[in-house]
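Engineer: Got a structure for you, written out below as structure tokens; questions coming shortly.
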Amino acid sequence: SLFERHERAGARLVPFAGWQMPVQYEGIRAEHIAVRTKAGVFDVSHMGEIHVDGPGARACLDRLITNDLGKLAVGRAFYTVACSAAGTILDDLIVYRVAEHGYLVVCNASNREKLLHHFHALRKSGNFDFDLIDNTESTAMVALQGPKVIDRMSEFLPVIKDLKRYSFESGT
């Protein structure tokens, strides 16, 4: 959804996993220094955004990931990996607990189909009662990074001033 803005702003766009991803504007060196010393905004809309909701969502995810979802409160997230039944790593993820029985799984674009296949297989097994919604193509996502990002962005998004690492707020 941000593609036209990137084009107008002069982004260098490259194909990646079916997306046109902006990789730079002014140049890698200048942008690297800006993010390391100030702040940067990255369009990461290409990342997979998979919602897993329902009474069996936790049991399903606990079968797939290495962290304990029981320790994850609503409004928090953690970094984890998804594994196959054989224990091989399928992808690294960030899992957000968005509700009592609702989770957002953010995965790498190149592994999205593979993860969806595993979710469908778990649901088909009949052992887990959950809804699966892939919102990747209808969701824009940006990452705010850098030591000054809170100061810079809090005038536009006051809620981020009090956010702790791996926590989130939802809103419009």
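Residues in the sequence shown are numbered from 14 upward in steps of one, following our numbering.
All residues carry an ideal CB built from backbone N, CA and C; glycine is no exception.
(1) From the DSSP output, in three-state form, read off A24 for me.
(2) Rounded to a whole number of angstroms, what is the C-alpha to C-alpha distance between T50 and V162?
(3) Output yes or no for whether 8 Å exceeds the beta carbon distance between F29 and V155.
(4) L74 lies in the alpha helix (DSSP H); which residues open and close that run?
(5) If we ignore side chains and look at the alpha-carbon of each, how far apart do V119 and G61 end up?
(6) Relative to the C-alpha of W32, which residue among L135, V172 and T149 is closest?
(7) Can I78 and V111 be called in contact, C-beta distance under 8 Å?
(8) Any idea what DSSP makes of T101, helix, strand or coil?
(9) Which same chain residues end up closer than 7 Å to V48 when comparing Cβ atoms and leaving out the 5 residues on each side of it in sequence?
(10) Candidates R21, P35 and S180: which alpha carbon is nearest V27's?
(11) Applying the criterion that 16 or more other CB atoms from any shown protein chain within 10 Å of the CB defines a buried residue, is S58 buried or exposed?
(12) How long is the line joining the alpha carbons of E113 and H64, rounded to whole angstroms?
(13) Excluding the 5 residues flanking R71 on each side, which residues of the same chain have their C-beta closer than 6 Å to its C-beta?
Structural biologist: Based on what the coordinates show:
(1) coil
(2) 10 Å
(3) no
(4) A70 to L77
(5) 5 Å
(6) T149
(7) no
(8) coil
(9) Q158 and G159
(10) P35
(11) buried
(12) 13 Å
(13) L82
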